[in-house]
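Visitor: Sending over a structure as structure tokens; questions will come in a sec.
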Amino acid sequence: MKHLGTLLLLTFAFGIARAQKQKITTYQLMEPGFNMNTITGTISEIYTTKRYGKTFWWVRIGADTILHVWPRHLDTATMKPGITRSFKSIKRLDNNWWIKEKSENYIKPKNE
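For what it's worth, our numbering labels the leading residue of the sequence shown as -5, then goes sequentially.
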């Protein structure tokens, strides 16, 4: 009975710890007119990742939202950290390609 109580207590503690972990939502900026979904927020970071020889641009909005932007839609004049901006025509992504890896090199935007 002691072991069962300990097991339940540990399970409850791990459940609370996992619930407090911040969950990140990932979106992709689509072609104009794809849909009417919009996100508005302050850009906190812009970074890139490389997968299979392709460069992916990511815009972090606040602390819990990440938006994938294709290079053709990347507007370095209005997409800078600290700027509040609206992103229209977005789609939710279900992958983990936004995670930065230690092996990835930082790529400077053209206007920096």
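Don't be surprised by glycine CBs; every beta carbon is placed ideally from N, CA and C.
1) Can you say whether L61 is buried or exposed, counting buried as having 16 or more other CB atoms within 10 angstroms of its CB?
2) Compute the Euclidean distance between the alpha carbons of R45 and L4, then round it to the nearest angstrom.
3) What are the boundary residues of the beta strand (DSSP E) that K74 is part of?
4) Specify the secondary structure class of G27 as computed by DSSP and reduced to three states.
5) What residues match up with K82 in a beta bridge as DSSP calls it?
Guide: Put simply:
1) buried
2) The alpha-carbon atoms of R45 and L4 are separated by roughly 38 Å.
3) Here K74 belongs to no beta strand (DSSP E), and DSSP marks it neither H nor E.
4) coil
5) T32.
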